[in-house]
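Notes follow the structure.
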Amino acid sequence: MKKSLTRNLIFTLAASSLTRQNKRSSCHTKAHFIQQLQECKRFISLASVHSEILKSGFLSNTFTLNHLINCYVRLKKTQVARQLFDEMLEPNVVSYTSLMAGYINMGQPQIALLLFQKMLGNLVWPNEFTFATVIKACSMLADLITGKQIHTHIETFGFQYNLVVCSSLVDMYGKCNDVDGARRIFDLMGCRNVISWTSIIVAHAQNAQGHEALEMFREFNYQSRDRPNQHMLASVINACASLGRLVSGKVAHGVVVRSGSEFNDVVASALVDMYAKCGCVNYSEKVFNRISNPSVVTYTSMIVGAAKYGLGRFSLDLFNEMISRGIKPNDVTFVGVLHACSHSGLVDEGIQHLDSMYRKYGIIPDAKHYTCVVDMLGRTGRLDEAYKLAKSIQVDPDGGPLLWGTLLSASRLHGRVDIAVEASNQLIESNQQVANAYVTLSNTYALAGEWENVHSLRSEMKRTGIHKEPGCSWVEIRDQTYAFYAGNALFDRGSEVLSLLRELERKMKERGYVGGKTGLVFVDVEDEAREEIVGLHSERLALAFGLISIPKGITIRIMKNLRMCRDCHDVFKLISDIVERDFVVRDVNRFHHFRNGSCSCGDFW
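For what it's worth, UniProt numbering labels the leading residue of the sequence shown as 1, then goes sequentially.
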C-alpha cells in the first residue's frame, strides 16, 4: 500500500492519533479493528482507526479493507473508498458491492453500473446484494434497457426467486413505467415482505393506476402480517389524492395515526396534498398545523393545494412565513406561489416572484412557471403581453402544450380569435392536445359569431378522425365510486336522476336561466356527449345522483376529467342556491366550490 495514501488522506490526523494510540495498549487483531470500524460515526475517528490499521500491517487484508471501504462509503467519502479499492490486489464481491452502493448513495448510479461491468469482466461473480444494488442504479436512471439486461444476468446466476432481488426488480420496473413487468415479477414471488408490497403499490400509484394501488393495499392488509411502512402509506394516500377518494383517504389517515407516522415529513405532505385535492383544504390546514417543524415539502404541499383551491392570499402568506423561518423554496413552491398570484389578480407581485426565483434562489424558471404567468396575464385581459411572453421563451416539448393551451383558453375567454388561432396552431404542430385545440378554437369562433369557421373546423375534425375525450365525472359515496358519462342515464336510479334534473331545470328557469345562452352549447355538446342536450353532461348526472344519495349538510364532491363547460358552471351556481348545499367540483383545470349561488373561481377557469 502506497505511503502517499496516508499522507493524502489522514496526514494531519495521523500524528495526533498515533500519539494517542501509543499511550494505550490495543489488541492488534482483525476482530479488534473490525469492532473499531463499526463504532466509527465521524470521519475524524475513522481516520484514526485507518492510521492504526496502516501501522499494524492489516491494510493488505481483504476482509479488513472491505470493512474500511464500507465505513468510508457510509460516511460518504466515496473518493477515499475508491482509492482504497483501486489499490486492492484482489477485490472480491463485497469490495465491488460496497463501492457500488457508495456511488448510488452519492447520486452517481452511472459509475455504479460501470463498476458492475468491470466486476463481471474480472470474473468476480455477483451475489444477491450486488444485484439489488445495480438494479437500484437502473431505477434511479429509469434505464429499462439496462435493467432488463441485468434481469437476464439475475436469471443466469439463479437469483430470480430471491426476495431481496425480486423486490428490487419490482421497484425498477415500476420506476421505468413498466407496471406490467413489475406485476409479473410480483405475482411470481413465492414469498413477499413489506418492501415487495411497497414496491408494487408505489409502481401502481406512480403510474396513474390509483385503483390498482388501493386494491393492492387491501390485499396487503389481508395477506400480510407486516405493518405498512411510511413509503407505502404515502403512496396509498397519493393514490387517494389522484382519484379524489376522500373516504379512502380518511381511512388511510387513520392507519397513519395508528402506525405513528403522522409526523413523518413525506406522509404528512401526502396527507396535506390529498385533502387539498379532495377539496378539503380545511383538513389540509389542520394536518399542516399539527407539524411543529414543517419542511419545504410540507409547506409546498400546503401552498400549492390552497392556491389551486382559489385561496391565493393564504398561499402567499404561507410562502412569506416559510421564508421568514429560513426555509429555502424549491421550483414546485414557486408554481404554487405564481398560481396564487394568478388567482388573486396580483400580476405585478407574481412577476416579482418570477424574477426572484433565479436572482434570490438560483432556480431557473421552466414551462410550468411561465404558464402560470401567461395564465396570470390572461386572467386580467393582457393577452398581447401573454402572447409575447409565450413566443419569447424556449420550453421543452412536454411543457409547450401546457403553455399554449393556457393561452388558448384565455384567448377564448376574451374573444381574441387572432391569438386563439396562433395558440391552436402551436398545439396542433406539437401533436399534443389536438382535440382540445380544435374544440377550444371552435368555441372561440362560436363566441365571435364566426359560424362558417365553426363548421369548417367540425368538418376537418370528422375528416381526420379527431374526437374529444368523452366527458366523465365521478362521485364517492360511502367508500364507493360512482362514474357517470355524458349523455348516458342508463344506470341504477337513472330515472330518479332525470326526474330531479327536470325539476331543478324548472326552478332555474323561474329564476331566469336560459340554457345555451352563450352560444357554446352547440359546440360543447357535440364533443363531450355527442348529444343535443347540455342537461346530460356528466357532472350534472353526478350532481343529481349525489343529491339523492348524500344526506343534506354533507358537501357533494365531484371529479371531472375535462374542463367544466360554462353552462354547467352557471347551473351549479344556481342549484347550490336553490337546494342550499355546497358542491365542490375538481375539473382538469382547478377546483370550483359552489355555495349560495357563487363559485370560488370567480367565474374564471
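Backbone N, C-alpha and C fix where the C-beta goes; we use that ideal spot for every residue, glycine too.
Cβ-based burial, residue i [other Cβ within 10 Å; buried from 16]
i	result
residue 66	buried
residue 161	exposed
residue 142	exposed
residue 574	buried
residue 436	buried
residue 191	exposed
residue 502	exposed
residue 630	Shown here, the chain extends from 1 to 605; a query on residue 630 therefore has no answer.
residue 451	exposed
residue 301	buried
residue 273	buried
residue 294	buried
residue 336	buried
residue 552	exposed
residue 580	exposed
residue 554	exposed
residue 238	buried
residue 321	exposed
Beta-bridge pairing of residue i - partner residues as DSSP gives them
i	result
residue 593	584
residue 558	475 and 585
residue 599	594
When the options are compared against residue i, the one with the closest alpha-carbon
i	options	result
residue 211	163, 229, 244 and 194	244
residue 107	131, 97 and 78	78
residue 405	380, 192, 144 and 563	563
residue 126	140, 590, 105 and 156	156
residue 86	75, 185, 99 and 295	99
residue 453	591, 254, 421 and 470	421
residue 548	231, 537 and 477	477
residue 588	600, 565, 577 and 581	565
residue 92	71, 74, 113 and 124	124
residue 234	250, 117, 585 and 497	250
residue 144	496, 196 and 176	176
residue 134	113, 240, 122 and 434	113
residue 481	246, 265, 369 and 261	246
residue 595	603, 383 and 582	582
residue 94	116, 327, 514 and 323	116
residue 344	495, 109 and 380	380
residue 387	411, 368, 150 and 365	411
residue 204	170, 496, 313 and 355	170
Reduced DSSP category for residue i - H, G, I as helix; E, B as strand; rest coil
i	result
residue 262	coil
residue 197	helix
residue 206	helix
residue 483	strand
residue 525	With a pLDDT of 44 at residue 525, under the threshold of 50, the modelled position of this residue cannot be trusted; read the value that follows with caution. In the structure shown, residue 525 sits in a helix (DSSP, three-state: H, G or I).
residue 139	helix
residue 468	coil
residue 192	coil
residue 166	helix
residue 161	coil
residue 299	helix
residue 226	coil
residue 24	Below a pLDDT of 50, predicted positions are generally treated as unreliable, and residue 24, at 41, falls in that range; no measurement from the model is reported.
residue 541	helix
residue 185	helix
residue 513	coil
residue 216	helix
residue 574	helix
residue 504	helix
residue 413	helix
residue 568	helix
residue 71	helix
residue 286	helix
residue 6	Its pLDDT being 40, under 50, residue 6 is placed unreliably in this model, and the value from its coordinates should be taken loosely. It is helical.
residue 270	helix
residue 240	helix
residue 309	coil
residue 463	helix
residue 277	helix
Check: residue i C-beta below 8 Å from any heavy atom of the ligand NAP
i	result
residue 158	This structure simply doesn't include the ligand NAP, nor any ligand for that matter.
CB contact below 9 Å: residue i versus chain D
i	result
residue 583	The structure shown contains no chain D; it is built from a single protein chain.
Exercise for the section: Jot down the residue ranges of each uninterrupted alpha helix (DSSP H) in the stretch 421-452, minimum 4 residues, whole runs only, in chain order. Expected result: Counting only runs of 4 or more residues that sit fully inside the stretch 421-452, the alpha helix (DSSP H) segments are 434-447, in chain order.
Handout entry: In chain order, each beta strand (DSSP E) run of at least 3 residues that lies wholly inside the stretch 324-353
Key = Runs of the beta strand (DSSP E) lying entirely within the stretch 324-353, each at least 3 residues long, are absent.
Exercise for the section: Just list the alpha helix (DSSP H) runs in the stretch 88-158, keeping only unbroken ones of 4 residues or longer that don't cross its boundaries, in chain order. Expected result: The qualifying runs are 93-105, 109-121, 128-141 and 144-156.
Problem - Residue ranges of each beta strand (DSSP E) within the stretch 350-406, 3 or longer - result: Counting whole runs of 3 or more residues, the stretch 350-406 contains no beta strand (DSSP E) stretch at all.
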